[in-house]
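**Q** Provided herewith is a single structure, encoded as structure tokens, for subsequent inquiry.
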Amino acid sequence: MSGIRRILFATGNEGKMREIRSILADTGAEVLSMKEAGISIDIVEDGTSFEENALIKARAVAAAWKEPESVVLADDSGLVIDALGGEPGIYSARYMGENTSYDKKNANLIERLEGISDEKRSASFVCAIAAVLPDGREFTVQDAIEGRIGYEQKGEGGFGYDPIFYVPEFKKTTAEMTAEEKNRVSHRGKALEHMKEVLRENEGFDCK
128 MSGIRRILFA TGNEGKMREI RSILADTGAE VLSMKEAGIS IDIVEDGTSF
178 EENALIKARA VAAAWKEPES VVLADDSGLV IDALGGEPGI YSARYMGENT
228 SYDKKNANLI ERLEGISDEK RSASFVCAIA AVLPDGREFT VQDAIEGRIG
278 YEQKGEGGFG YDPIFYVPEF KKTTAEMTAE EKNRVSHRGK ALEHMKEVLR
328 ENEGFDCK
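Under my numbering, read the sequence shown as residues 128 to 335, first letter to last.
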């Protein structure tokens with residue numbers, strides 16, 4: 128790695144951090160959460176797209192964490208359901224209120240799709256990743272995984288909307304996948320791999 132020794136990922140979500148650390152392991156960089164870096168700030172995510180919100184978070188955290196040989200990464204991700212006009216979309220984390228359990232959120236979405244056939248239950252998980260380097264350079268990438276909404280919650284792995292997101296290729300939900308399977312095909316896994324390539328091309332670091 129030429130310049131980046133530490134990666135601060137702008138999240139406090141422990142489930143997300145487990146995935147991120149696994150995917151970024153080959154960078155050789157130390158990967159920290161906001162809590163581990165001692166950063167606690169309120170960030171207003173008022174963008175109109177996943178990429179805008181990811182940049183808002185990355186810029187805010189980078190302003191509070193000025194360290195050399197480091198990069199701040201942030202993501203904004205969400206579930207986009209075609210039959211619901213793209214809901215919950217960029218409001219996925221705040222759908223039905225930020226403090227509402229995902230068990231209740233998932234149950235509500237299944238209920239709203241009652242009577243909808245398989246071919247009309249199409250959905251995608253979308254993830255945008257933003258990077259802010261110490262010299263002020265910024266990069267964004269966005270990727271997605273296609274699937275459909277199941278008829279019931281299945282699986283104990285993953286987090287969030289994983290138990291209702293069914294991937295026909297695997298014949299299971301993302302909550303039923305192994306960590307390796309999910310990281311290989313998930314929206315976040317693909318976006319992080321994409322971002323590693325971007326940073327490597329721009330002299331950020333050399334992944335193994």
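Think of the CB as a built atom: it goes at the ideal place given N, C-alpha and C, for glycine as much as any other residue. Since this is a predicted model, take the numbers as computed values, not measurements.
Along the alpha helix (DSSP H) that carries Gly142, what are the first and last residues, could you check?
**A** Here the question's residue 142 lines up with position 15 in the sequence shown. Looking at the DSSP string, the run of the alpha helix (DSSP H) that includes Gly142 is Glu141 to Ile150.
**Q** Glu141 to Glu246, Cα distance in whole Å?
**A** Here residue 141 corresponds to residue number 14 of the sequence shown, with the count starting at 1. Here residue 246 corresponds to residue number 119 of the sequence shown, with the count starting at 1. Glu141 and Glu246: Cα-Cα distance of roughly 34 Å.
**Q** Quick test of the definition: if touching needs 3 or more C-beta pairs under 8 Å, does the segment 218-232 touch the segment 151-165?
**A** Judged by pairs of C-beta atoms under 8 Å, the segment 218-232 does not touch the segment 151-165, as fewer than three such pairs exist.
**Q** Does Pro215 come out as helix, strand or coil in the three-state DSSP assignment?
**A** The residue labelled residue 215 in the question sits at position 88 within the sequence shown. Looking at Pro215 - three-state DSSP - the assignment turns out to be strand.
**Q** When we look at the beta-carbon of Asn233 and count the other beta-carbons within 10 Å, is it buried (16 or more) or exposed?
**A** Residue mapping note: residue 233 aligns to position 106 of the sequence shown, counting from 1. Asn233 comes out buried.
**Q** Closer than 6 Å by C-beta to Asp262: which residues in its own chain qualify, once you throw out the five before and the five after it? Chain order, please.
**A** Position 135 of the sequence shown, counting from 1, holds the residue named residue 262. Correct list: empty, nothing qualifies.
**Q** Does the separation of the CB atoms of Ser204 and His314 fall below 8 Å?
**A** Along the sequence shown, read from residue 1 onward, the residue named residue 204 stands at position 77. Along the sequence shown, read from residue 1 onward, the residue named residue 314 stands at position 187. Between Ser204 and His314, the gap from beta carbon to beta carbon is short of 8 Å.
**Q** Would you say Ile237 and Tyr288 are within 8 Å of each other, going by their C-beta atoms?
**A** Translated into the one-based positions of the sequence shown, residue 237 becomes position 110. Translated into the one-based positions of the sequence shown, residue 288 becomes position 161. Not in contact: Ile237 and Tyr288 (Cβ atoms no closer than 8 Å).
**Q** Using a Cβ-Cβ cut-off of 7 Å (strictly less than) and excluding sequence neighbours within five positions of Glu308, which residues of its own chain qualify?
**A** Here residue 308 is taken as the residue at index 181 of the sequence shown, counted from 1. Hits under 7 Å: Phe297.
**Q** Glu273 by DSSP, collapsed to three states: which one?
**A** Walking along the sequence shown from the start, residue 273 turns up at place 146. DSSP places Glu273 in strand when its eight states are reduced to three.
**Q** Find out if the Cβ-Cβ distance for the pair Ala250, Val294 is shorter than 8 Å.
**A** In the sequence shown, the residue the question calls residue 250 occupies position 123. In the sequence shown, the residue the question calls residue 294 occupies position 167. No; because the gap between Cβ atoms is not below 8 Å, this pair is not in contact.
**Q** Can you tell me where the beta strand (DSSP E) holding Ile134 begins and where it ends?
**A** Here residue 134 is taken as the residue at index 7 of the sequence shown, counted from 1. Arg133 to Phe136 is the extent of the beta strand (DSSP E) around Ile134.
**Q** Give me, in chain order, the residues of the same chain whose beta-carbon lies closer than 7 Å to that of Glu214; leave out the 5 immediate sequence neighbours on both sides.
**A** Here residue 214 refers to the residue found at position 87 of the sequence shown. Around Glu214: Ile208.
**Q** For a test of the three-state rule: what should DSSP assign to Glu85, helix, strand or coil?
**A** Nothing can be reported for residue 85, as the shown portion of the chain is limited to 128 through 335.
**Q** Starting from Ala257, follow the beta strand (DSSP E) in both directions and report where the run begins and ends.
**A** Here residue 257 is taken as the residue at index 130 of the sequence shown, counted from 1. Taken as a continuous stretch (DSSP letters only), the beta strand (DSSP E) holding Ala257 covers Ser249 to Val259.
**Q** Using the three-state DSSP reduction, which class does Ile183 fall into: helix, strand or coil?
**A** Locating residue 183 in the sequence shown gives position 56, counting from the first residue. Helix at Ile183.
**Q** Please determine, among Tyr229, Gln269, Leu326 and Glu303, the residue with the shortest C-alpha to C-alpha distance to Asn180.
**A** Your numbering for residue 180 matches position 53 in the sequence shown. Closest by alpha carbon: Gln269.
**Q** Determine the direct distance from the alpha carbon of Ala201 to that of Asp153, and round the result to whole angstroms.
**A** For the purposes of this step, residue 153 is taken as residue 26 along the sequence shown, with counting starting at 1. For the purposes of this step, residue 201 is taken as residue 74 along the sequence shown, with counting starting at 1. Ala201 has its alpha-carbon roughly 18 Å from the corresponding atom of Asp153.
**Q** Go to Val294, then tell me how far its alpha helix (DSSP H) extends in each direction, as first and last residue.
**A** For this step, residue 294 is matched to residue 167 along the sequence shown. Per DSSP, Val294 belongs to no alpha helix (DSSP H); it is in the beta strand (DSSP E), Phe292 to Val294.
**Q** In the DSSP assignment, what residue or residues form a beta bridge with Leu200?
**A** For the purposes of this step, residue 200 is taken as the residue at position 73 of the sequence shown. BP columns for Leu200 point to Phe136 and Ala258.
**Q** In three-state DSSP terms, what is Lys193?
**A** The sequence position of residue 193 within the sequence shown is 66, counting from 1. Coil at Lys193, not helix or strand.
**Q** For the putative contact between Leu151 and Ser197, defined by C-beta atoms under 8 Å, what is the C-beta separation to the nearest angstrom?
**A** Along the sequence shown, read from residue 1 onward, the residue named residue 151 stands at position 24. Along the sequence shown, read from residue 1 onward, the residue named residue 197 stands at position 70. Contact between Leu151 and Ser197 fails: their C-beta atoms lie close to 13 Å from each other, not under 8 Å.
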